[in-house]
Each structure stands twice: as C-alpha cells, then as structure tokens.
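With the numbering used here, the residue at position 111 of the sequence shown is 112, and numbering never jumps. Think of the CB as a built atom: it goes at the ideal place given N, C-alpha and C, for glycine as much as any other residue.
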Amino acid sequence: MNHLGAFTQQGRFIFGQGKRWLADLNDNHLALEPIAGTKTAGWLVGHLAVTGDFGRRLCGLTPMCPKEWRALFNPGTFPSLDRSIYPPMSVLCEAVGNVYRDFFASAPSASDDVLALPNPYTPAAGAFPTAGDFAAYLMTGHLAHHFGQLGSWHATAGLRKIGVPVAD
C-alpha cells in the first residue's frame with residue numbers, strides 16, 4: 002500500500018459529508034446561477050466528476066468520464082447558463098459517485114512509480130510536484146472546496162430547509 006491510504010480515508014469522510022448536496026439536484030439546477038458570477042450546480046458536479054477522474058488517471062487507471070466532458074468541466078472552463086449543453090443531472094451525480102468510489106478504492110494500490118511521476122497539471126506542480134501529491138489533494142482539499150461551493154449554492158438557490166441544521 003502506498004501513501005494515499007490515509008488520504009482516501011479523509012476523502013471518503015469528505016464525500017460522505019458532501020453527498021447530501023447531490024441528493025436533491027435535478028435538471029432545473031444544471032445552469033441555475035442563484036447569484037450572478039457564481040458556479041452553477043451542473044458545472045460543480047461535472048467538475049468534481051472530471052477532476053476526480055483525473056485523479057484516478059494519475060493513479061494509472063482508465064478514465065470513466067466521457068472525454069467530451071473535459072471541454073465543459075476542466076479547470077479553466079466556465080459554467081454555462083444553457084442547461085442543454087450539460088448531461089442530465091442524474092448522469093452527472095451518478096458519475097461523480099462512481100468516480101470517487103473507485104478513486105478511493107483504487108488509489109492505495111497505485112504503483113509507487115506511477116505516483117512518483119511529475120504532476121502533469123503544471124499550474125499546481127509547484128505545490129504538488131508529483132502525481133501522488135496531486136491525487137491526494139484532489140481526493141481531499143479540492144473535493145472539500147467544491148462541496149463547500151455546492152453547499153453555498155444550495156443556500157443561495159433556496160434549497161436549504163429553514164430550521165434544519167446542516168451537519169458539520
């Protein structure tokens with residue numbers, strides 16, 4: 002087992018906390034921008050799917066998400082207000098669940114040689130020089146950041162129930 006085992010435990014916890022933000026999403030939310038300039042739910046869920054899949058690829062695994070999704074959801078892309086360009090929300094939510102379930106299960110078995118390769122995502126290579134370093138970030142900090150955005154999206158879209166506490 003490589004060093005990613007501890008990070009997968011954290012990632013599973015983060016995903017367990019954040020998956021509540023996926024449960025009530027539907028196609029009406031794909032391109033909904035509750036406050037001008039914020040991310041849409043469709044982009045956030047799609048972005049988590051493709052970046053989690055990139056983390057899997059860093060571990061030497063075959064991609065699960067359609068290649069066409071990268072043009073919609075990769076870093077540097079922007080949310081669209083045209084929901085017709087996105088896959089159905091149910092497909093995106095299923096994909097993000099499948100991607101992270103496999104990422105957490107497979108990452109600890111990734112080869113040390115593969116994880117020691119340079120991080121191919123050069124904008125983050127200074128902070129995360131190896132593939133393994135960046136995979137650990139994608140399954141923890143990056144995941145938590147975007148689930149936080151999705152939680153805020155719920156609040157601004159009016160989907161949080163008044164008087165119902167949000168679990169920490």
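- By the 10 Å Cβ neighbour count, where 16 or more other Cβ atoms means buried, how is Ile15 classified, buried or exposed? buried
- Message: At the level of alpha carbons, what is the spacing between Asn75 and Pro67?
- Response: 12 Å
- Query: Using the C-alpha atoms, what's the distance from Leu31 back to Lys89?
  - Reply: The sequence shown places Pro at residue 89, not Lys. Cα to Cα, Pro89 sits roughly 8 Å from Leu31.
- Task: Please state if the CB of Val46 and the CB of Val97 are separated by a distance shorter than 8 Å.
- Result: yes
- Message: Three Cβ pairs or more, each shorter than 8 Å: is that satisfied between the region 19-39 and the region 137-157?
- Response: yes
- Message: Mapping the DSSP letters down to three states, classify Pro119 as helix, strand or coil.
- Response: strand
- Message: Please report the distance separating the alpha-carbon of Ala132 from that of Phe55.
- Response: 10 Å
- Item | CA-to-CA distance, Gly152 to Arg84, given in whole angstroms | 20 Å
- Task: Please classify Thr131: does DSSP put it in a helix, a strand, or coil?
- Result: strand
- Contact check, Leu139 vs Thr52 under 8 Å by CB: the rounded distance? 6 Å
- Best match in Ile86, Thr63, Leu82 and Thr157 for proximity to Ala72 [C-alpha to C-alpha]: Ile86
- Item | Span of the alpha helix (DSSP H), counted from its first residue to its last, around Cys94 | Met90 to Ser107
- Message: Which runs of the beta strand (DSSP E) at least 3 residues long sit entirely within the region 10-70? Give them in chain order.
- Response: none
- Message: Within 10 Å of its beta-carbon, does Ala192 have 16 or more other beta-carbons around it, so buried, or fewer, so exposed?
- Response: Absent from the model: residue 192. The displayed extent of the chain is 2 to 169, so no value can be given.
- Query: In three-state DSSP terms, what is Pro124?
  - Reply: helix
- Cβ of Ala42 versus every heavy atom of the ligand ZN: is any distance shorter than 7 Å? By its list of ligands, the structure shown contains no ligand whatsoever, and the ligand ZN lies outside what it can speak to.
- Item | Nearest residue (CA-CA) to Asp113, options Gly61, Glu95, Gln10 and Gly12 | Gly61
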